[in-house]
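Each residue of the sequence shown is one higher than the one before, starting from 8 at the first, in the working numbering. Beta carbons are placed, not taken as given, at the ideal position from N, Cα and C, and that holds for glycine. The structure under discussion appears below in the form of structure tokens.
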Amino acid sequence: MSPHRSVHHLHSRAPLQAEHLLATPGAIRSILDSSFNKAGMVRAIYVKINNGVVFEVKPYVRLPRTCKRFCGIMVDFLQKARVCSGDGNEALLRVIEEPVTRHLPSNARIIGLSYGSEKLVNLKNYVSALSDDLNLVFVLGPMNCGDIKMDYVDEFISVSPYSMRVNVCLGTVCELLEKVWKKREKVDPVPKKPGVIFILEKASLTLAYVGKKFQVLHPDEHADFMRKKNLDPYKHRSDILYEVGAMAHGKIDQDYTDEFISICKAPLSANACLMKICVALEESRDIFCFN
């Protein structure tokens, strides 16, 4: 099925399915906002939404941070099958043909992340033991549904003994991968090409005609409409995080602060900054001290 026919298929199918779905905007942003991605180490992000359409997100794209603008861009994107850069020379978002494996490199190691996996690993040790020549592909689905049934996954692992939201899991993975890459750079200073790929399965972008307008459903704006369709609005939350703080405006002026520090050379969102702090505190207290 061609990308354009896939989009037509999206419009013609009933998009409303009451199932646990991965929250797309927050998950994508967890990858894009990470310092691991800002260092150029993410190769691609592939998303398969609940209507069967698969699309690619370039790791350097800048997505809107408000629900209204994000939903508007996604509706426009799914109708046109691509969103191009300002000069029109590159597609920053594009619908691709299935299966997604045809877009993966031949030396890919495909790893499924699942809270339900019996293999609980220390991700830093796990990745360090893999060959440097492999392109790592991490696949995530809805974290509350156990293993995603994907036959193309080589192995399922769990990176925490606790159940985590998808965006938290992705943020943690990016932080730990960054630590592995920094350790490797000390041994081999030759820069590596970006090789990490993320695949988000069963992602939640629920579209429907509300009145005469084709929209991405959001529980805060379409709760009554969704209940009429026998949908629980909160199972279809887009999970956009509204960052708190003034990360782009220099340091905050608070006289009770003992010291101001910076933890990354690249500017980070408040969400990504807090994720780095939490992972560092977890490691310092051996919270994830696996065998």
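Nearest neighbour of residue i, chosen from the options [CA to CA]
i: residue 60; options: 71, 42, 82; result: 82
i: residue 50; options: 103, 64, 178, 174; result: 64
i: residue 157; options: 171, 268, 209; result: 209
i: residue 160; options: 48, 124, 271, 71; result: 124
i: residue 34; options: 279, 86, 268, 117; result: 279
i: residue 289; options: 73, 110, 169, 267; result: 169
i: residue 66; options: 190, 73, 171, 48; result: 48
i: residue 44; options: 56, 69, 109, 75; result: 69
i: residue 105; options: 56, 95, 267; result: 56
i: residue 101; options: 109, 231, 86; result: 86
Rounded Cβ spacing between residue i and residue j (contact assumed at less than 8 Å)
i: residue 98; j: residue 90; result: 7 Å
i: residue 42; j: residue 185; result: 6 Å
C-beta contact flag for residue i and residue j at 9 Å
i: residue 130; j: residue 180; result: yes
i: residue 84; j: residue 32; result: no
i: residue 88; j: residue 188; result: no
i: residue 207; j: residue 52; result: yes
i: residue 274; j: residue 202; result: no
i: residue 183; j: residue 147; result: no
i: residue 144; j: residue 205; result: yes
i: residue 80; j: residue 120; result: no
i: residue 191; j: residue 138; result: no
i: residue 133; j: residue 171; result: no
Bounding residues of the beta strand (DSSP E) (the contiguous stretch that carries residue i)
i: residue 44; result: From DSSP, residue 44 is part of no beta strand (DSSP E) but of the alpha helix (DSSP H) over 42 to 45.
i: residue 96; result: Residue 96 -> no beta strand (DSSP E), and no H or E assigned at all.
i: residue 133; result: Careful: residue 133 lies outside any beta strand (DSSP E), inside the alpha helix (DSSP H) at 130 to 135.
i: residue 50; result: 49 to 56
i: residue 142; result: 142 to 147
i: residue 61; result: 61 to 64
i: residue 163; result: 162 to 164
i: residue 119; result: 115 to 120
i: residue 91; result: 89 to 91
Cβ-based neighbour list, residue i, same chain, cut-off 8 Å, excluding 5 preceding and 5 following
i: residue 114; result: 140, 141, 142
i: residue 284; result: 270
i: residue 266; result: none
i: residue 126; result: 162, 163, 164, 165
i: residue 231; result: none
i: residue 110; result: 51, 53, 63, 103
i: residue 94; result: none
i: residue 19; result: With a pLDDT of only 41 at residue 19, under 50, the local geometry of the prediction cannot be trusted, and no value is derived from it.
Beta-carbon contacts of residue i that lie in its chain and below 7 Å, excluding the five residues immediately before and after
i: residue 92; result: 99
i: residue 272; result: none
i: residue 71; result: 77, 80
i: residue 117; result: 144, 146, 159, 160, 161
i: residue 281; result: none
i: residue 291; result: none
i: residue 38; result: 44, 49, 52, 177, 181, 205
Other residues of its chain near residue i: CB distance less than 6 Å, five sequence neighbours each side excluded
i: residue 54; result: 62, 207, 210
i: residue 166; result: 130
i: residue 73; result: none
Residue i: CB within 8 Å of a non-hydrogen atom of the ligand PLP
i: residue 282; result: As for the ligand PLP, it is missing from this structure, which has no ligand bound.
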